[in-house]
Amino acid sequence: MKKELKAALGGELKKYRSIPFWSWNNSLDEAELVKQIDEMKEAGIGGFIMHARTGLKDEYLGEKWFSCVAACLKKARETGMDAWIYDENGWPSGFVGGKLLENESFRARYLEYTAGEFDESAFAAYVKDDKQGFVRVTEKQAGISEYHNVYLRVSPANTDILNPDVTDAFIRETHEKYYERFKEYFGKELAG
15 MKKELKAALG GELKKYRSIP FWSWNNSLDE AELVKQIDEM KEAGIGGFIM
65 HARTGLKDEY LGEKWFSCVA ACLKKARETG MDAWIYDENG WPSGFVGGKL
115 LENESFRARY LEYTAGEFDE SAFAAYVKDD KQGFVRVTEK QAGISEYHNV
165 YLRVSPANTD ILNPDVTDAF IRETHEKYYE RFKEYFGKEL AG
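Residue numbers for the sequence shown follow my numbering, beginning at 15 and rising by one.
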């Protein structure tokens with residue numbers, strides 16, 4: 015135990031070293047990425063998390079992307095470092111860099127509320143009744159000036175993470191593509 019603690023404090027054990035998010039947010043260059051891995055290794059870093067970020071000039075999950083991931087995994091093997099892949103272009107995870115948003119049925123839905131005049135285009139409209147609370151109405155009511163309108167909206171920027179088809183598509187378009195190409199690294203240099 016004492017020997018392991020000394021090794022950990024001395025930086026010999028990889029599992030106790032830093033593993034930073036490594037933002038890929040410009041044009042990707044394999045030689046530059048490999049050089050940066052060498053610099054991380056020299057600085058005592060135990061691994062890296064490849065993470066597409068805003069500013070990425072190359073296609074996320076395109077051929078150049080995968081070629082660069084391959085070069086980094088190879089370098090991780092050579093250096094004994096752990097490689098991790100963040101499974102999205104940006105944050106939060108779950109939309110494949112916008113690809114899943116092309117299918118409108120995969121987009122998140124939400125309710126929007128406004129108070130004001132009756133709006134027949136609303137998904138639902140309610141009036142406040144002192145005895146019954148809020149009562150749904152389908153047309154303008156005599157003597158009522160304030161309506162509580164609820165609209166069903168479709169998000170242009172978020173996927174419906176409660177839809178199992180979205181989850182299946184996300185896994186198919188990310189995790190399975192990584193596995194097809196890099197299964198020899200899974201559970202070894204590719205820690206997660």
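All residues carry an ideal CB built from backbone N, CA and C; glycine is no exception.
Keep in mind that this is a model prediction, so the values were computed, not measured.
Short Cβ contact (8 Å threshold) for residue i with residue j
{"i": "ARG123", "j": "ALA138", "result": "no"}
{"i": "LYS71", "j": "ASN40", "result": "yes"}
{"i": "ALA90", "j": "ALA97", "result": "yes"}
{"i": "ALA140", "j": "PHE148", "result": "Before going on, a small fix: residue 140 reads as Tyr here, not Ala. In this structure, PHE148 lies closer than 8 Å to TYR140 by Cβ."}
Rounded separation between residue i and residue j - CA only
{"i": "ASP101", "j": "ASP182", "result": "14 Å"}
{"i": "GLN50", "j": "ALA171", "result": "33 Å"}
{"i": "GLY112", "j": "HIS189", "result": "16 Å"}
{"i": "SER119", "j": "LEU166", "result": "14 Å"}
{"i": "ASN117", "j": "TRP38", "result": "26 Å"}
{"i": "LYS197", "j": "LYS88", "result": "13 Å"}
{"i": "GLY94", "j": "GLU77", "result": "25 Å"}
{"i": "GLY130", "j": "TRP105", "result": "36 Å"}
{"i": "GLU153", "j": "TYR127", "result": "17 Å"}
{"i": "MET64", "j": "ILE99", "result": "5 Å"}
{"i": "ASP179", "j": "LEU75", "result": "20 Å"}
{"i": "LYS55", "j": "GLU92", "result": "11 Å"}
{"i": "TYR30", "j": "GLU18", "result": "11 Å"}
{"i": "SER81", "j": "GLU134", "result": "54 Å"}
{"i": "ARG186", "j": "CYS86", "result": "22 Å"}
{"i": "LEU125", "j": "GLY157", "result": "27 Å"}
{"i": "TRP36", "j": "LEU176", "result": "29 Å"}
Residue i: first and last residue of the uninterrupted alpha helix (DSSP H) it sits in
{"i": "TYR192", "result": "189-196"}
{"i": "THR173", "result": "It is not in any alpha helix (DSSP H) - THR173 instead sits in the beta strand (DSSP E) that spans 161-173."}
{"i": "PHE200", "result": "Where PHE200 is concerned, there is no enclosing alpha helix (DSSP H), given that its DSSP letter is neither H nor E."}
{"i": "PHE109", "result": "Note, PHE109: premise wrong, no alpha helix (DSSP H); not H, not E."}
{"i": "ILE51", "result": "44-56"}
Start-to-end residues for the beta strand (DSSP E) that takes in residue i
{"i": "GLU126", "result": "121-130"}
Expected contact under 8 Å - CB spacing of residue i and residue j to nearest Å
{"i": "LEU115", "j": "THR173", "result": "7 Å"}
{"i": "ARG121", "j": "VAL168", "result": "5 Å"}
{"i": "GLY58", "j": "ILE33", "result": "With a Cβ gap of about 12 Å, GLY58 and ILE33 do not count as contacting."}
According to DSSP, residues forming a beta bridge with residue i
{"i": "TRP98", "result": "ILE63"}
{"i": "ALA139", "result": "VAL151 and ASN163"}
{"i": "SER37", "result": "HIS65"}
{"i": "ASN103", "result": "ALA66"}
{"i": "LEU204", "result": "ALA97 and PHE200"}
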